[in-house]
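Since the structure comes first, as structure tokens, the remarks are kept for the end.
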Amino acid sequence: MMETYALELIQSGKRIDKREFLQFRNAEIKENVIATAEGSAYVKLGNTQVIAGVKMNVGTPFADTPNEGVFSVSAEFTPLASEEFESGPPGEDAVELARIVDRGIRESKTIEMGKLVITPGEKVWSVFVDIHIIDNQGNLLNAAALAALTALLNTRIPKLDTEGKVLRGDYERKLPVVHKPITVSVCKVGDKLFLDPTKEEESVLDSKLSIAVMEDDTICAMQKQGNKGIEFAMLESMIDIAIEKSKELRKLVK
Amino acid sequence: MGKKTDSELIIDGIRLDKRLPDQTREIKMKVGNIVSANGSAEVAFGNTTALASVHGPRPLFPKHLQESQTGILRVRYNMAPFSVTDRKSPGPDRRSVEISKVTRLALEPSLFLDDYPKVTVDGFVEIIQADGSTRVTGINALSLALASAGIPMTSLVSACSVGKINGTLIVDLNGMEDNNSESDVAVAMMPDKDIVTLLQMDGMLTKEELLHLLGLAKKTCGKIYEMQKNALLEKYRGEE
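This is the structure:
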């Protein structure tokens, strides 16, 4: 019912919560919310809530990148967050979300992976970002990307003892994070474009294009989502909207 | 087939496999090679080979997965363990889960599944030899397989990869180019409608470069579309 109403409103140029089409909901970002993690962030975007935690482990580098750290993003759509989420291994939506967040950070070279080497070719730092969905009220991806970036920005690398064991709670330096890529999902219903969908709006949109943008407007990752196609001629305006909005969202990240 | 390399991938405008920047590899298409399936196709882009088959429309169980108003499309993208230089352990990984999803979303807009309430159309893509651009090769094959299974569609879906190597914008990345690219973009379109159904990009591009690549992708998808139509005609002309 609410979904049909949300759709009719969009088609008539309005939104279910009276926002402008290109307006985000109020965003609240808290840093260092998890004492047991090396870095963390809580993001509340409207009523959507997400926590990202970073754990730093000592691991072995990949064979083709012996002198770089390892980076990995996972997401859990926990059953507490939505009646649609079920327990069990990550489903395709959780896997897709994690991989989009991963690419936005990896491809932009946001973390200086070369500075995460402990013993070249043998021991490096592995950066694990885990995204936990607490409440799904739409636009999980943009909230998750903000949470992951904020968590990385406050991540500290633990000290190692003389035998190379990680000393939890004792820190050596900050994680070298040098960029702030921002992911903006541009949503489409017919010829209407809008941002930051609520859960109702999300269930009726035709398609969306999620775009990760750097400080200098370079685009570092992109993914089309949703069940319908996008007219080729509309792509440029969607890219423009994402570039413009990324500047505003970046100001929220300290 | 494509490892990391420090050497130049494009010299004087010619790629390592002698191609021009906007040139695809040799493309081969064959429809109806798997008799056990309702529809099937094989598509090769150079050394990348994808097999696709379609089973259905067929009843969907368990029943709670059924949609009363429409049929559904399910897609599995899978790479054979022997398709890559270092054996890939069998079964789904995170990458193939995501590619299965985006492949489904790339093809769904082309189908009239409303005609088949409560049933499923199951599409399977097997990459038997991988040398870059496997997801787009799989989409080309699966769209042909769906057509040959007689699933009503508004258009074929045609797909290709584009990207940037050593500062040059190129079409149809092979494995070596993919692993060493500054950026790669996967695009699927319904070329006769100018509708984009798959768009994935990673790496760094300015907006201008991105728009240029999208233009190259559109042109290339148009060519692939003609080849797909010919592959279907080839198959069914023979049967009359």
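Chains E and P supply the protein sequences, listed in that same order.
Numbering-wise, the first sequence is residues 4 to 257 according to our numbering.
Numbering-wise, the second sequence is residues 133 to 372 according to our numbering.
We treat Cβ as the ideally placed atom computed from N, Cα and C, and that holds for glycine.
As a beta-bridge residue in DSSP terms, His187 (chain P) pairs with P:Asp254.
Unbroken beta strand (DSSP E) stretches of 3 residues or longer found wholly inside the stretch 42-130 of chain E: 42-48, 51-62, 73-79 and 120-122, given in chain order. Per DSSP, the unbroken alpha helix (DSSP H) holding Ala245 (chain E) starts and ends at Leu238 to Arg253.
In the three-state reduction of the DSSP assignment, Val181 (chain E) falls in the coil class, being assigned neither a helical nor a strand state. In this structure, Gly42 (chain E) lies near Asn157 (chain E), with their beta-carbon atoms less than 8 Å apart.
Within chain P, the residues Ser315, Met333, Asp334, Gly335, Met336 and Leu337 have their CB atoms less than 9 Å from the CB of Cys223 (chain E), given in chain order.
Around the beta-carbon of Asn306 (chain P), 16 or more other beta-carbon atoms lie within 10 Å, marking it buried. Contact of Glu240 (chain P) with chain E by beta-carbon distance below 7 Å involves Asn230. The alpha-carbon of Met225 (chain E) is positioned some 11 Å away from that of Met241 (chain E). Pairing Gly188 (chain P) with Glu158 (chain P) gives a Cβ-Cβ distance that is not under 8 Å. For Arg18 (chain E), no CB of chain P lies under 8 Å from its own CB, so it is not counted at the interface with that chain. Residue pairing from DSSP places Thr180 (chain P) in a beta bridge opposite P:Phe177. Going by C-alpha positions, Asp164 (chain E) is about 10 Å away from Arg171 (chain E). Not a single C-beta of chain E is nearer than 8 Å to the C-beta of Ile283 (chain P). For Val251 (chain P), the CB contacts under 7 Å within the same chain, skipping 5 residues up- and downstream, are Gly188, Pro189, Arg190, Pro191, Leu192 and Gly203 in chain order. Exclusion of the five residues before and after Gly282 (chain P) leaves Asn170 and Gly171 as the residues of its chain whose Cβ lies within less than 8 Å of its Cβ. Note that the C-beta distance between Gln360 (chain P) and Ser275 (chain P) is below 8 Å. When 7 Å is used as the limit between beta carbons, Arg226 (chain P) is near these residues of chain E: Val98 and Arg102, in chain order. Assignment of Met217 (chain E) by DSSP, reduced to helix, strand and coil, places it in the coil class.
Annotation for Asp310 (chain P): the continuous alpha helix (DSSP H) segment containing it runs Gly307 to Asn311. For Lys248 (chain E), the closest Cβ of chain P is not nearer than 8 Å. A direct Cα-to-Cα measurement between Val207 (chain E) and Glu87 (chain E) gives close to 16 Å. In the DSSP assignment, Met359 (chain P) forms no beta bridge with any residue.
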